[in-house]
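Trainee: Encoded as structure tokens, here's the structure I'll be asking about.
There are 2 protein chains.
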Amino acid sequence: MTITQLYYVLAVAENQNFTKAAEKCFVTQPTLSMQIQKLEDQLDVLIFDRTKKPIELTDVGKKIVTQARNIVNESYRIQDIVDQQKGFIGGEFKLGIIPTVMPTLLPMFLKNFIKKHPKVKLKIEELATEEIISKINDGHIDAAIAATPLEEENIKERVLYFEPFVSYIPENHRLHKHKKIDVSDLDIDDMLLLEDGHCFRDGVINLCKAFKNQTDDQFQLESGSIETLIKLSNEGLGMTLLPYLHTLDINDKEKENLHHFNDPTPAREVSIIYHKSELKMQIIEALQDVISGVIRGAIAFQNVEIISPLAK
Amino acid sequence: MTITQLYYVLAVAENQNFTKAAEKCFVTQPTLSMQIQKLEDQLDVLIFDRTKKPIELTDVGKKIVTQARNIVNESYRIQDIVDQQKGFIGGEFKLGIIPTVMPTLLPMFLKNFIKKHPKVKLKIEELATEEIISKINDGHIDAAIAATPLEEENIKERVLYFEPFVSYIPENHRLHKHKKIDVSDLDIDDMLLLEDGHCFRDGVINLCKAFKNQTDDQFQLESGSIETLIKLSNEGLGMTLLPYLHTLDINDKEKENLHHFNDPTPAREVSIIYHKSELKMQIIEALQDVISGVIRGAIAFQNVEIISPLAK
DNA sequence: AGTTTCTATAAATTTTATTGATAGTTTTTC
DNA sequence: GAAAAACTATCAATAAAATTTATAGAAACT
Chain A
1 MTITQLYYVL AVAENQNFTK AAEKCFVTQP TLSMQIQKLE DQLDVLIFDR
51 TKKPIELTDV GKKIVTQARN IVNESYRIQD IVDQQKGFIG GEFKLGIIPT
101 VMPTLLPMFL KNFIKKHPKV KLKIEELATE EIISKINDGH IDAAIAATPL
151 EEENIKERVL YFEPFVSYIP ENHRLHKHKK IDVSDLDIDD MLLLEDGHCF
201 RDGVINLCKA FKNQTDDQFQ LESGSIETLI KLSNEGLGMT LLPYLHTLDI
251 NDKEKENLHH FNDPTPAREV SIIYHKSELK MQIIEALQDV ISGVIRGAIA
301 FQNVEIISPL AK
Chain B
1 MTITQLYYVL AVAENQNFTK AAEKCFVTQP TLSMQIQKLE DQLDVLIFDR
51 TKKPIELTDV GKKIVTQARN IVNESYRIQD IVDQQKGFIG GEFKLGIIPT
101 VMPTLLPMFL KNFIKKHPKV KLKIEELATE EIISKINDGH IDAAIAATPL
151 EEENIKERVL YFEPFVSYIP ENHRLHKHKK IDVSDLDIDD MLLLEDGHCF
201 RDGVINLCKA FKNQTDDQFQ LESGSIETLI KLSNEGLGMT LLPYLHTLDI
251 NDKEKENLHH FNDPTPAREV SIIYHKSELK MQIIEALQDV ISGVIRGAIA
301 FQNVEIISPL AK
């Protein structure tokens, strides 16, 4: 048994297809066929059920894949140990970021980070929280920035900052005249909300859902569509909630529509999250340092109340 | 990086010697030299400090060895998964047994076990508790039978049985006339005790130590030397304590010197212990079943008080 | 039925691991 | 302190293994 064979098994299991898996492994398809067969012979068990199309894992196959993922990950950790010892911070690093954080946070820290850690080849992907969770679990990304807490068993979180929500209330809205808004003022029926599953806790979650159901066919809120949200709001479709960092970007006229909340200000917790195996932890810590540094100057709210991203 | 390379690293780390390690791996010494060098080149770090004689691990080397052991063990588990799925119980299995359990328990279950599981190649070694712990940790044995609880972080325990202690009190002893003995009757100065670090809790531990200090030069209690203990006792050197199963073997005359304890009878807990990675768990469970089966008929005490094997 | 898609197989080739022989060190022994 | 022994590294030769190219065969799609 070799680590390579296990890696091939993982690739086939993920792609459900020898040919595609071979491409991803940068080898030819017969290589996979033969190596996997060799492993199956050695273990004397079939890992894949080749009668099914597309190919499926057998029952034992599933367990073997889980264990194989373990072993392959743990093998990466050896290089990690060496890097850590040397204080080396470099290599490829894949970072996922949720859409509502991407456009505001990324420009704030990217230059700094690249300057400070030029040997790291950052590959950043905009991903929804669900995608992030599955890609952290299968190792397709090394870490991600998302709203927390997520309560995922195999994922660890380190809080980067708390980002308050700010109400955006267009002129014609019943609440527009209020200087400060209270959470209790919010009403389901005239609220446009963010994607990412970021809804308010308890009762307000339902509103969020109600809104989604009602509008699924009419609108499609694309990723990073905070601008769209503002425009829809301007059109009189309701008020909305903006994460604080977004309010720094909008134009002066629209700024007049911003209403801060009474304390405790509702806020979201934004964290860097990663697999519990803690691979490439030096880079994760480097990211944490840089981001915490740039945020320290940008957000200075004190009395916040964290809104869970989980719609329970 | 290959599992084989990691295995070679483990072998050299254990033997502190390339030549010996090569023998244990059934390859020649240049194979180890070259493969380990190759790994070191790839990681760009020295795992071994070859200037020291005998060879030593570098600081990174130590961490790499820990991780390598992980990976190698986890790789074995894949065959384990397959065996478990098939219900296959077989292969080589190394079992350690402490000296005071070996002569009484082994004959009771060995035949049964071999008959029931003929495909298992049992290799049994008599080992002291300390040796057992280290050999379970480095994978040199698959499981062991020892007195518990041990409170070892990486070792799991499954209780097999509770074995009461029986006093052996020679004729000339002050307690000989008592029919039943109470734990409070025991006195340091006239007790011969077992090896294995099995001492009574609290106060009596000290007695045990006192005895050892006093006699280290005069006697050497060998493994499995319960017979010796009885003979020493007969010579008037003091009373002693026998694990219950040993009392089934002694001759009729000596049986007259046996005195059971008042309830709660002091007893030791005997368990099958194994690494938390739970490799070869099917065989461990098979052993547990067979041993529990044969013991059920042999020991029928009810009110026992467990004596910890740890001399705190 | 013909075409496409996919996996298995076979032979050739490249890569990698292993060996046997030996040189160069260090340690041990007398 | 010189000779012997023990140990690791290196080199060229060999054995073993992984990979590739080419192709056959099976299943799915049109």
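Here the protein sequences line up with chains A and B, keeping their order. Numbering-wise (full-length UniProt numbering), the first sequence opens with residue 1 and increments by one. Numbering-wise (full-length UniProt numbering), the second sequence opens with residue 1 and increments by one. Every residue gets a Cβ at the ideal spot worked out from N, C-alpha and C, and that includes glycine.
(1) With which residues is Phe162(B) paired in a DSSP beta bridge?
(2) Alpha carbons only, please: which of Tyr76(B), Ile71(B) and Asp49(B) is nearest the one belonging to Glu74(A)?
(3) Measuring straight from C-alpha to C-alpha, what distance separates Val204(B) and His275(B)?
(4) Kindly provide the ranges of any beta strand (DSSP E) runs that are 3 or more residues long and lie completely inside the region 104–172 of chain A, ordered along the chain.
(5) Consider the Cβ of Leu10(A): report whether some Cβ of chain B lies at a distance smaller than 7 Å.
(6) How about Ser277(B): is its C-beta nearer than 7 Å to some C-beta of chain A?
(7) Considering Cα atoms alone, identify which of Thr28(B), Ala267(B), Ile169(B) and Ala300(B) is closest to Thr240(B).
(8) Closest by CA to Asp182(B), which one among Val304(B), Val65(B), Asp289(B) and Gly91(B)?
(9) For Val304(B) and chain A, any beta-carbon pair shorter than 7 Å?
(10) Say whether chain A places a C-beta atom closer than 7 Å to the C-beta of Ser33(B).
(11) Across which residues does DSSP place His246(B) in a beta bridge pair?
(12) Between residue 318(B) and chain A, is any beta-carbon pair separated by less than 7 Å?
(13) Grab the span of the beta strand (DSSP E) containing Ile81(B) for me, first residue to last.
(14) Any idea if Leu39(A) is buried or exposed, counting beta-carbon neighbours within 10 angstroms, 16 or more meaning buried?
(15) How is Met1(A) classed by DSSP in three states: helix, strand or coil?
(16) Closer than 8 Å is the cut-off here; do at least three beta carbon pairs connect the region 6–18 of chain B with the region 141–148 of chain A?
(17) What in chain B is Cβ-close to Arg77(A), meaning under 7 Å?
(18) Quick check on Gln37(A): buried or exposed, where buried means 16 or more other Cβ atoms within 10 Å of its Cβ?
(19) Tell me the rounded alpha-carbon separation between Gly91(A) and Asp80(B).
(20) By alpha-carbon positions, which one of Asn234(A), Ile3(A), Gly238(A) and Leu10(A) ends up nearest to Tyr7(B)?
(21) Taking all protein chains shown into account, decide if Arg77(B) is buried (16 or more other Cβ within 10 angstroms of its Cβ) or exposed.
(22) Residues of chain B with a CB under 8 Å from the CB of Thr51(A): which are they?
(23) Residues of chain B with a CB under 8 Å from the CB of Glu74(A): which are they?
(24) Mark Ser167(A) as exposed unless 16 or more other C-beta atoms lie within 10 angstroms of its C-beta, in which case mark it buried.
(25) Take the Cβ of Leu248(A) as the centre, count every other Cβ of all protein chains shown within 10 Å, and call the residue buried at 16 or more, exposed below.
(26) Residues of chain A with CB closer than 8 Å to the CB of Ile81(B), please, in chain order.
(27) Looking at the structure shown, is Glu285(B) part of a helix, part of a strand, or coil, going by DSSP?
(28) For a contact defined as C-beta to C-beta under 9 Å, what are the partners of Met108(B) on chain A?
(29) Is Ala300(A) buried or exposed, if buried means 16 or more other CB atoms sit within 10 Å of its CB?
(30) By DSSP's criteria, Met102(A) is part of a beta bridge. Which residues make up the other side?
(31) If you check the beta carbons only, do Gly96(B) and Leu127(B) fall under 7 Å apart?
(32) With DSSP as the reference, label Phe18(A) as helix, strand or coil.
(33) Using the three-state DSSP reduction, which class does Asn206(A) fall into: helix, strand or coil?
(34) Here's a check: name, in chain order, each residue in its chain whose Cβ is nearer than 8 Å to the Cβ of Gln288(A), leaving out the five neighbours to either side.
(35) Would a check of beta-carbon distances place Thr129(B) closer than 7 Å to chain A?
(36) Looking only at its own chain, which residues have a Cβ that is under 6 Å from the Cβ of Glu151(B), when we skip the five neighbours before and after it?
Mentor: From the atom records:
(1) For this step, residue 162(B) is matched to residue 162 along the second sequence. Looking at the DSSP assignment, Phe162(B) forms a beta bridge with Glu269(B).
(2) Taking the first sequence and counting its residues from 1, the one referred to as residue 74(A) is at position 74. Relative to Glu74(A), the option among Tyr76(B), Ile71(B) and Asp49(B) whose CA is nearest is Ile71(B).
(3) Start at 1 with the first residue of the second sequence, and residue 204(B) comes out as number 204. Start at 1 with the first residue of the second sequence, and residue 275(B) comes out as number 275. Here Val204(B) scores only 38 on pLDDT, less than 50, and its place in the model should not be relied on; the value that follows carries that caveat. About 31 Å.
(4) Fully enclosed beta strand (DSSP E) runs of 3 or longer: 120–126, 143–148 and 155–168.
(5) Position 10 of the first sequence, counted from the first residue, corresponds to residue 10(A). No, its Cβ sits nowhere closer than 7 Å to a Cβ of chain B.
(6) Here residue 277(B) refers to the residue found at position 277 when the second sequence is read from its first residue. Among the CB atoms of chain A, none fall inside 7 Å of the CB of Ser277(B).
(7) As a working mapping, residue 240(B) is identified with position 240 in the second sequence. Closest option to Thr240(B), Cα to Cα, is Ile169(B).
(8) Working through the second sequence from its first residue, we reach residue 182(B) at position 182. Checked all of Val304(B), Val65(B), Asp289(B) and Gly91(B); the closest Cα to Asp182(B) is Val304(B).
(9) Start at 1 with the first residue of the second sequence, and residue 304(B) comes out as number 304. Contact of Val304(B) with chain A is not assigned, every C-beta pair being separated by 7 Å or more.
(10) Taking the second sequence and counting its residues from 1, the one referred to as residue 33(B) is at position 33. No, Ser33(B) lies away from the interface with chain A (no Cβ there is under 7 Å from its Cβ).
(11) Taking the second sequence and counting its residues from 1, one reaches residue 246(B) at position 246. For His246(B), which the question treats as bridged, DSSP gives no partner whatsoever.
(12) Nothing can be reported for residue 318(B): it is not among the residues displayed for chain B, which extend from 1 to 312.
(13) Indexing the second sequence from 1 puts residue 81(B) at position 81. Residue range Asp59 to Lys86 is occupied by the alpha helix (DSSP H) that includes Ile81(B), with no beta strand (DSSP E) assigned at that position.
(14) If you number the first sequence from 1, residue 39(A) lands on position 39. The residue in question, Leu39(A), is buried, as its Cβ has 16 or more Cβ neighbours within 10 Å.
(15) The sequence position of residue 1(A) within the first sequence is 1, counting from 1. Reduced to three states, the DSSP call for Met1(A) is coil.
(16) No, they do not touch.
(17) One-based indexing of the first sequence puts residue 77(A) at position 77. Here the neighbours are Gln67.
(18) As a working note, residue 37(A) is residue 37 in the first sequence. Its Cβ having fewer than 16 others within 10 Å, Gln37(A) is exposed.
(19) On the first sequence, residue 91(A) is found 91 positions in, with the first residue counted as 1. On the second sequence, residue 80(B) is found 80 positions in, with the first residue counted as 1. Annotation: Gly91(A) to Asp80(B) spans about 35 Å, alpha carbon to alpha carbon.
(20) In the second sequence, residue 7(B) corresponds to position 7, counting from 1. Check the Cα spacing between Tyr7(B) and each of Asn234(A), Ile3(A), Gly238(A) and Leu10(A): the tightest is with Ile3(A).
(21) Your numbering for residue 77(B) matches position 77 in the second sequence. Buried, by the Cβ-count rule.
(22) For this step, residue 51(A) is matched to residue 51 along the first sequence. Using a Cβ-Cβ cut-off of 8 Å, Thr51(A) is close to nothing in chain B; its nearest Cβ partner there is about 19 Å away.
(23) Translated into the one-based positions of the first sequence, residue 74(A) becomes position 74. The contacting residues are Gln67, Asn70, Ile71 and Glu74.
(24) Here residue 167(A) refers to the residue found at position 167 of the first sequence. In summary, Ser167(A) is buried, with 16 or more beta-carbon neighbours lying within 10 Å of its beta-carbon over all protein chains present.
(25) One-based indexing of the first sequence puts residue 248(A) at position 248. Burial is judged here by how many other beta carbons sit within 10 angstroms of a residue's own beta carbon; Leu248(A) has fewer than 16 and is exposed.
(26) Along the second sequence, read from residue 1 onward, the residue named residue 81(B) stands at position 81. Val60, Lys63, Ile64 and Gln67, listed in chain order.
(27) Along the second sequence, one-based indexing puts residue 285(B) at 285. Glu285(B): helix per DSSP, three-state reduction.
(28) Working through the second sequence from its first residue, we reach residue 108(B) at position 108. Neighbours of Met108(B) in chain A, taken as residues whose beta carbon is under 9 Å from its own, are absent, since the nearest beta carbon is some 34 Å off.
(29) What you label residue 300(A) is simply residue 300 of the first sequence in a count that begins at 1. It is exposed - the Cβ of Ala300(A) has fewer than 16 other Cβ atoms within 10 Å.
(30) The residue you call residue 102(A) lines up with position 102 of the first sequence. Note: Met102(A) sits in no beta bridge, so no partner.
(31) On the second sequence, position 96 is the one that residue 96(B) refers to. On the second sequence, position 127 is the one that residue 127(B) refers to. Yes; because the gap between Cβ atoms is below 7 Å, this pair is in contact.
(32) Residue numbering aside, residue 18(A) sits at position 18 when the first sequence is read from its first letter. Under the three-state reduction of DSSP, Phe18(A) is assigned to helix.
(33) Here residue 206(A) corresponds to residue number 206 of the first sequence, with the count starting at 1. Unreliable positioning characterises Asn206(A) in this predicted model, as indicated by a pLDDT of 35, which lies under 50. The coordinate reading is nonetheless provided below. Annotated three-state conformation of Asn206(A) is helix, per DSSP.
(34) By one-based count along the first sequence, residue 288(A) stands at place 288. The answer, listed in chain order, is Arg158, Leu160 and Ile272.
(35) In the second sequence, residue 129(B) corresponds to position 129, counting from 1. No, its Cβ sits nowhere closer than 7 Å to a Cβ of chain A.
(36) By one-based count along the second sequence, residue 151(B) stands at place 151. Sequence-distant partners of Glu151(B) (beyond 5 residues in either direction) whose C-beta falls short of 6 Å from its own C-beta are missing from its chain.
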